[in-house]
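Student: Going left to right, the sequence shown walks through residues 3 to 157 as our numbering numbers them.
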Amino acid sequence: MSDAWRIVEDDLSGAGIRALLEAHFAGMLAHSPVGSCHFLDFDGLRADDVTFWSIHKGGDLAGCGALKMLGGRHGEIKSMRTAEAFLRQGVAARMLSHIMDEARRRGLERLSLETGSGAAFEPAIALYRRHGFADCEPFAGYKPDPFSRFMTRAI
Numbered sequence: 003m004s005d006a007w008r009i010v011e012d013d014l015s016g017a018g019i020r021a022l023l024e025a026h027f028a029g030m031l032a033h034s035p036v037g038s039c040h041f042l043d044f045d046g047l048r049a050d051d052v053t054f055w056s057i058h059k060g061g062d063l064a065g066c067g068a069l070k071m072l073g074g075r076h077g078e079i080k081s082m083r084t085a086e087a088f089l090r091q092g093v094a095a096r097m098l099s100h101i102m103d104e105a106r107r108r109g110l111e112r113l114s115l116e117t118g119s120g121a122a123f124e125p126a127i128a129l130y131r132r133h134g135f136a137d138c139e140p141f142a143g144y145k146p147d148p149f150s151r152f153m154t155r156a157i
């Protein structure tokens, strides 16, 4: 089996991706109140305006991410998560680059995201900053929330 990285569009039917997303949901709820958690559930990730990918190294699931189309050449990054065994191995950076490339291919001009604001979210915030994202006001129906951080960048 190859040790190459690969990113594939995922239908969320596999046990591994479902377990990773369950861990993602639980992680969000462990660090933010329910009303401040804006993750998409399984049905939300299957919506027509969302494309969901998983990233693998060899035969192992390493992480996931999604792109939600917002309209007006604007997209939102959703459900970025790295599997525990792959932390600090560049999984999130690979997925983020993939999402940004796909957004450009689709003709989007802006990508935005909502993430948490506590210490548990600092690694994600640092990743987004390294890729050119800056703080912004709430977008796409989000409301100001002390547990949320909003970021955006032109692409």
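Where is the CB? At the ideal position from N, CA and C, for every residue including glycine.
Starting from glutamate 124, trace the alpha helix (DSSP H) in both directions and tell me its first and last residue.
Tutor: Taken as a continuous stretch (DSSP letters only), the alpha helix (DSSP H) holding glutamate 124 covers 124-132.
Student: The beta strand (DSSP E) that contains alanine 64, what's its start and end?
Tutor: Per DSSP, alanine 64 belongs to the beta strand (DSSP E) from 62-73.
Student: Which residues in the same chain as leucine 72 place their Cβ atom closer than 7 Å to its Cβ, once the five residues preceding and following it in sequence are excluded?
Tutor: So the list reads Glu78, Ala142, once near-sequence residues are dropped.
Student: Sort Met153, Leu22, Asp137, Arg155 by Cα distance to alanine 87 and report the nearest one.
Tutor: Closest option to alanine 87, Cα to Cα, is Leu22.
Student: Would you mind working out which of Met153, Trp55, Gly18, Gly46 sits nearest isoleucine 101, comparing C-alpha positions?
Tutor: For isoleucine 101, the nearest C-alpha among the options comes from Trp55.
Student: From Thr117, Ala136, His58, pick the residue whose C-alpha is nearest to that of isoleucine 81; which is it?
Tutor: Note on identity: in this sequence residue 81 is serine, with isoleucine being the wrong assignment. Among Thr117, Ala136, His58, the Cα nearest to that of serine 81 belongs to Thr117.
Student: Does the region 47-54 come into contact with the region 83-98, if we say contact requires no fewer than three beta-carbon pairs (one atom in each stretch) closer than 8 Å?
Tutor: Segments in contact, no.
Student: What is the DSSP secondary structure of glycine 16, counted as helix, strand or coil?
Tutor: Glycine 16 falls in the coil class under three-state DSSP.
Student: Alpha carbon to alpha carbon, what distance is there between glutamate 124 and methionine 30?
Tutor: Taking the straight line joining both Cα atoms gives about 13 Å.
Student: First and last residue of the beta strand (DSSP E) that includes arginine 155?
Tutor: Taken as a continuous stretch (DSSP letters only), the beta strand (DSSP E) holding arginine 155 covers 150-156.
Student: Please classify leucine 89: does DSSP put it in a helix, a strand, or coil?
Tutor: Note: leucine 89 maps to coil in three-state DSSP.
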